[in-house]
Amino acid sequence: MCGIVGYVGRQRAATIMIEGLKRLEYRGYDSAGLAVLQNGGLTVVKTVGRVAALAKLAAGKKLSGTSGISHTRWATHGGVTDANAHPHLSSDGQVALVHNGVIENYVAIKKFLLTKGYNFASETDTEVLANLIAYHLAKEPENSPEGPRFLNAVRKTLLHVEGTYGIAVLSPAHPDQLVAARKGSPLILGVGDQEYLIASDVSALVSRTQNVVYLKDGELVHITTGGFTLNTLDLADISPVIDKVTWAVDEAELGDYPHFMLKEIFEQPQALENAMRGRFSADGSSANFGGLNLTAADFRQIDRFVFTSCGTGWHACLVAEHLIERYARIPVEVDYASEFRYRNAPLDRNALFFVVSQSGETIDTLAALREAKRKGYKCMAICNVVGSTIAREADGGIYQHAGPEIGVASTKAFTSQLLISSMFALYVARMRDLSFADGVEYVAGLRRVPDLARRALEQAPHIREIALRYARFNDFLFLGRLSLFPIALEGALKLKEISYIHAEGYPAAEMKHGPIALISEQCPSVFLVPKGELFNKVVSSMQEIKARKGLIIAIAPDSVELPEGLADELITIPDCHEAALPILATIPVQLLSYYIAVARKCDVDKPRNLAKSVTVE
Ligand code: AGP
């Protein structure tokens, strides 16, 4: 959540940071601010609202400084006010700081600092960091054998801090320097041409450099115009590893689309192709996942998979559960990452863990991964962002290669997780009892998915018309069975997230055990209709709704024939292999939510109260 951009170089820091903040705005957008070092002092500009408001305000100031820090906020402690916006200054004016994360012992630190004469202007936990660094800076000798004074003051401060942080710090007494550190909140150093950037997300850096150093927890970087050093909190030097970012700048740009969400919905055929590229076995009957670092013999030992994730990723885990149990006949347990880490579940001896995360930075998912590893389990990650914390800490994994996902509502990352789950189910199924012939048919079915997704997208104008008719309703039910039940949950989540409409996802047959009480002319139901043995059962559930005057939007494969007049609206999806059905059924629910949100004039890419990546508990 929140975004950080810092700069030390030869250009105007404010211009570069505002450009970076615009790319990070999807991380949080309550307020924004920046500080630059110039004329021997700090100039701070901050405001409630979007980065555009900050840019407007900054344009009226003379911001020529070439070192700076900046921030876009998603509020945790303290309301959305100018005073609570970052950067925060120490009360003696010697330190400016931006922070992502939560300082858990801020009350105790604040009490201590008040006794030392420091004052506070905001309600945030962050401000204690600025003042505590100023306190240590004032005590720190000029030539300490422990190293540079500014770095030491930050380091000593962090030794007293409990909680999580990604910080970037400036001090007017140390011009052309910036200190940044991380614990539990991502931070990346960009190494450019005679310039250095620090950011919480690579997308803020890629327009200036593709050379990056991913900071690890407990590391500090001290940047000057001449270079940088990397240290740990206990003063050990670290040799930096410079990685190359492979994303192109335009991948994270809107192009001709009105919203990132729509762009990313339409990018799904490509994302699906990327997810499967090079991952089918040469004999065309199975999949390959080199990144798992496990042999067929290792897989033979596994008697249970545990999948954990949050939000949309958790829905992908439910589909993985269905497919793995159905095709590979291995039990799967699915847990919310936030619950798993606290519930101390009894686990099988030979369980293999998977965490699923688009960003690779979600704090609950990261904590679940760490908990599983602490208990001695191997933990794999299905992750989109290369080099993210989860990707680095996992024992192995599968990269999604879906490209940057900027829209807060996850779309292409989800269908790519579904495809990877279905390929993984095939992979383990072929090590067990799935026959060669069934494997070949499965692979052929998955290979068609990108093209079928293109066809499903052709329904967009029809779905838009339906959305315009239904945008006035304030309650929706999404109903599906087996592998389509998670898609019902996902459809309801999408609608809630971006249009603020109350929506619930249910297994279709469960509807009559309670939710049916909601049915009226004012509460439409979106049915995800399967083929095969459950078709008739789902039709019966639809009849029950119709009998109570409920409106029905049906999403059904081309070849099924619904009884005349049962559905008020019909959206068809191409017929496909059963393992691909959840992917194709997802596309209409994404488009329906999108067009309803647009019709209700909601800010689709920046829905209220949300942020793209949830890096606080
Ligand atoms: C999806 O639309 C959400 N905004 C959210 O539920 C998201 O999926 C969740 O926060 C997990 O994020 P991650 O995949 O980056 O870990």
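With the working numbering as the guide, the letters of the sequence shown map in order to residues 1 to 617.
Glycine included, each C-beta is placed from N, C-alpha and C at the ideal position.
I'd like to check one pair, G291 with G396: are the Cβ atoms closer than 8 Å?
Residue numbering aside, residue 396 sits at position 396 when the sequence shown is read from its first letter. Residue numbering aside, residue 291 sits at position 291 when the sequence shown is read from its first letter. One thing to note: G396 has its Cβ within 8 Å of the Cβ of G291.
Let me check one thing: in DSSP terms, what residues is L220 bridge-paired to?
Your numbering for residue 220 matches position 220 in the sequence shown. Answer is A181 and N231, bridged to L220.
What I want to know is whether the C-beta of E465 ends up closer than 7 Å to one or more non-hydrogen atoms of the ligand AGP.
By 1-based counting over the sequence shown, the position of residue 465 is 465. With a cutoff of 7 Å, E465 does not count as near the ligand AGP, since its C-beta is closer than that to no heavy atom of the ligand.
Please report the residue range of the beta strand (DSSP E) in which A316 lies.
Walking along the sequence shown from the start, residue 316 turns up at place 316. In this chain, A316 is not harboured by any beta strand (DSSP E); it is covered by the alpha helix (DSSP H) spanning G311 to L323.
To the nearest angstrom, how far is the alpha carbon of L628 from that of L419?
This structure cannot settle anything about residue 628, because the visible part of the chain is limited to 1 through 617.
Could you pull the start and end residues of the beta strand (DSSP E) that H136 belongs to?
Walking along the sequence shown from the start, residue 136 turns up at place 136. Counting along the chain, H136 falls outside any beta strand (DSSP E), though it belongs to the alpha helix (DSSP H) covering E127 to K139.
Assuming contact is defined by CB atoms lying nearer than 8 Å, are L528 and A488 in contact in what I supplied?
The count along the sequence shown starts at 1 and reaches residue 528 at position 528. The count along the sequence shown starts at 1 and reaches residue 488 at position 488. Yes.
Segment contact flag, the segment 271-284 with the segment 322-331, C-beta cutoff 8 Å, min 3 pairs
No: the two stretches stay apart, fewer than three of their Cβ pairs being nearer than 8 Å.
Shorter than 7 Å, the distance from the beta carbon of V408 to the closest heavy atom of the ligand AGP, or not?
Numbered from its first residue, the sequence shown carries residue 408 at position 408. True, at least one ligand heavy atom lies under 7 Å from that Cβ.
Beta bridge counterpart(s) of E46 as assigned by DSSP
Translated into positions along the sequence shown, residue 46 becomes position 46. First, the residue type needs correcting, since residue 46 is Lys and not Glu in the sequence shown. For K46, which the question treats as bridged, DSSP gives the partners G33.
In terms of residues, what are the limits of the beta strand (DSSP E) holding G396?
Position 396 of the sequence shown holds residue 396. The continuous beta strand (DSSP E) containing G396 extends over residues G396 to Y399.
State the start and end residues of the unbroken alpha helix (DSSP H) segment that holds E618.
No answer is possible for residue 618: it lies beyond the span of the chain, which begins at 1 and ends at 617.
Give the range of the beta strand (DSSP E) segment to which D475 is assigned.
Your numbering for residue 475 matches position 475 in the sequence shown. Counting along the chain, the unbroken beta strand (DSSP E) around D475 starts and ends at D475 to G480.
Alpha carbon to alpha carbon, how far is A138 from N119?
As a working note, residue 138 is residue 138 in the sequence shown. As a working note, residue 119 is residue 119 in the sequence shown. Approximately 15 Å between the Cα atoms of the pair.
Are there three or more Cβ pairs, one per stretch, closer than 8 Å when the segment 536-548 is compared with the segment 511-519?
Verdict: yes, contact present.
Is E361 closer than 8 Å to T615 when the C-beta atoms are compared?
Your numbering for residue 615 matches position 615 in the sequence shown. Your numbering for residue 361 matches position 361 in the sequence shown. In this structure, E361 lies closer than 8 Å to T615 by Cβ.
E569 lies in the beta strand (DSSP E); which residues open and close that run?
As a working mapping, residue 569 is identified with position 569 in the sequence shown. Taken as a continuous stretch (DSSP letters only), the beta strand (DSSP E) holding E569 covers E569 to I573.
If D348 sits next to R304, beta carbons under 8 Å apart, how far is it from one beta carbon to the other, in whole angstroms?
Reading the sequence shown from its first residue, position 348 is the one you call residue 348. Reading the sequence shown from its first residue, position 304 is the one you call residue 304. Separation of the CB atoms of D348 and R304 is rounded to 5 Å, and the pair is thereby assigned contact status at 8 Å.
Exposed or buried, which one is S64 when buried takes at least 16 other CB atoms within 10 Å?
Taking the sequence shown and counting its residues from 1, the one referred to as residue 64 is at position 64. Counting Cβ neighbours within 10 Å, S64 comes out exposed, since fewer than 16 surround it.
Rounded C-alpha distance that separates K46 from E25:
Position 46 of the sequence shown holds residue 46. Position 25 of the sequence shown holds residue 25. Approximately 15 Å, taken between the alpha carbons.
L170 beta carbon less than 8 Å from that of A180:
The residue you call residue 180 lines up with position 180 of the sequence shown. The residue you call residue 170 lines up with position 170 of the sequence shown. Their beta carbons are not under 8 Å apart, which means A180 does not touch L170 by this criterion.
Whole angstroms is fine: what's the gap from G9's alpha carbon to T232's?
As a first step, residue 9 must be located in the sequence shown, where it is residue number 9. As a first step, residue 232 must be located in the sequence shown, where it is residue number 232. Cα-Cα distance, rounded: 24 Å.
Range of the contiguous alpha helix (DSSP H) that encloses E273:
Within the sequence shown, the letter at position 273 stands for residue 273. Where E273 is concerned, the enclosing alpha helix (DSSP H) stretches over Q268 to M276.
Enumerate, from N- to C-terminal direction, the unbroken beta strand (DSSP E) stretches of 3 or more residues contained entirely within the segment 360-411.
Correct list: 379-383 and 396-399.
Looking at M423: is its Cβ nearer than 8 Å to the Cβ of M276?
Within the sequence shown, the letter at position 423 stands for residue 423. Within the sequence shown, the letter at position 276 stands for residue 276. Yes, these two residues count as a Cβ contact at 8 Å.
In three-state terms, what does DSSP make of A252?
If you number the sequence shown from 1, residue 252 lands on position 252. Here A252 sits in helix by DSSP.
L610: beta carbon under 7 Å from a heavy atom of the ligand AGP?
To locate residue 610, count along the sequence shown from 1; it is residue 610. Because some heavy atom of the ligand AGP lies under 7 Å away, the Cβ of L610 counts as near it: yes.
Measure the CB-CB distance between L426 and A297 and report whether it falls below 8 Å.
Position 426 of the sequence shown holds residue 426. Position 297 of the sequence shown holds residue 297. Not in contact: L426 and A297 (Cβ atoms no closer than 8 Å).
Could you pull out every residue in the same chain whose Cβ sits closer than 7 Å to the Cβ of H322, ignoring the five residues on either side in sequence?
In the sequence shown, counting from the first residue as 1, residue 322 sits at position 322. Excluding residues up to 5 positions away in sequence, L482 and S483 lie with their Cβ nearer than 7 Å to the Cβ of H322 in the same chain.
Using 8 Å as the threshold, is the C-beta distance between L562 and L570 below it?
Working through the sequence shown from its first residue, we reach residue 562 at position 562. Working through the sequence shown from its first residue, we reach residue 570 at position 570. Yes, they are a contact pair.
With distances taken between CB atoms, is the gap from T124 to N152 smaller than 8 Å?
Sequence index remark: in the sequence shown, residue 124 carries index 124 (1-based). Sequence index remark: in the sequence shown, residue 152 carries index 152 (1-based). Contact: no.
Minimum C-alpha distance to L215 - residue among V191, T225 and G505:
The residue labelled residue 215 in the question sits at position 215 within the sequence shown. Ranked by Cα distance from L215, the options V191, T225 and G505 are led by V191.
Give me, in chain order, the residues of the same chain whose beta-carbon lies closer than 6 Å to that of D335; leave out the 5 immediate sequence neighbours on both sides.
On the sequence shown, position 335 is the one that residue 335 refers to. Correct list, in chain order: T308.
Look at the alpha carbon of L37 and the alpha carbon of T15, and state the distance between them as a whole number of angstroms.
Within the sequence shown, residue 37 is the residue found at index 37, counting from 1. Within the sequence shown, residue 15 is the residue found at index 15, counting from 1. Going by the C-alpha atoms only, they are around 14 Å apart.
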